[in-house]
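To get my numbering, take the position in the sequence shown, counting from 1, and add 388.
C-beta: ideal position from N, C-alpha, C; glycine also.
Shown next, in structure tokens, is the structure this report addresses.
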Amino acid sequence: MQQLVIIFICLTLSFILTQIFKKYKLPVVIGQILVGLILGFPFLKPLIIAGNETIIEFLSQLGIIFLLLLTGMEVEMRELSKYRKEVISTTFFTSLIPFTLGFVFVEIFGRFLNMAGYNLHIVAFTLGICLSITAEGTTVKL
């Protein structure tokens with residue numbers, strides 16, 4: 389029963405902030421993310437999570453999936469094709485270059501950083517991926 393109350397509180401807060409953001413013509417996704425931040429405050433977190441770690445983790449993963457789905461659904465492919473050059477250059481500069489620089493940095497300097505016991509190729513690939521991740525909102529309006 390307590391889990392249903394927690395889900396109800398989370399959904400109610402999300403709905404309220406979504407309506408407020410719609411009223412002021414702001415991206416509703418930001419309101420939903422803001423609810424997650426508010427509920428994650430240290431003084432609220434123990435009240436919400438208390439014994440419900442599994443369901444909260446499941447709902448958070450589900451929320452991320454829906455956030456990515458919502459972002460993908462808001463992309464207008466016809467409008468995006470108008471800006472093909474800008475999209476390609478933005479993708480190149482925000483993904484490929486940081487990935488390459490991170491990968492090369494670890495490959496070159498990893499041997500000098502005393503990373504014995506680690507597979508340098510995996511570390512280089514991981515750092516490259518981390519550096520190449522960019523926010524969707526930087527190139528596409530939410």
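{"Check": "Whether SER402 touches GLN420 by CB criterion (8 Å)", "Outcome": "yes"}
{"Check": "Nearest-angstrom Cα separation, counted from ILE485 out to SER477", "Outcome": "11 Å"}
{"Check": "Own chain partners of LEU530 with C-beta closer than 6 Å, once the 5 adjacent residues on each side are dropped", "Outcome": "Caution applies to LEU530, whose pLDDT of 40 falls short of 50 and renders its modelled position unreliable; the model cannot decide the point."}
{"Check": "Whole-angstrom distance between GLN407 and LEU489, CA atom to CA atom", "Outcome": "43 Å"}
{"Check": "Beta-carbon proximity list for VAL494, same chain, < 7 Å, skipping 5 on both sides", "Outcome": "LEU508, VAL511, ALA512, LEU515"}
{"Check": "Rounded separation between LYS473 and ILE521 - CA only", "Outcome": "20 Å"}
{"Check": "Local Cβ density within 10 Å of VAL393, reported as buried at 16 or more and exposed below that", "Outcome": "exposed"}
{"Check": "Contact belief for ILE444 with ILE453 at Cβ below 8 Å, rounded distance in angstroms", "Outcome": "About 15 Å; that fails the 8 Å criterion."}
{"Check": "Boundaries (first-last residue) of the alpha helix (DSSP H) holding ILE421", "Outcome": "416–427"}
{"Check": "Distance, SER448 Cα to LEU457 Cα", "Outcome": "14 Å"}
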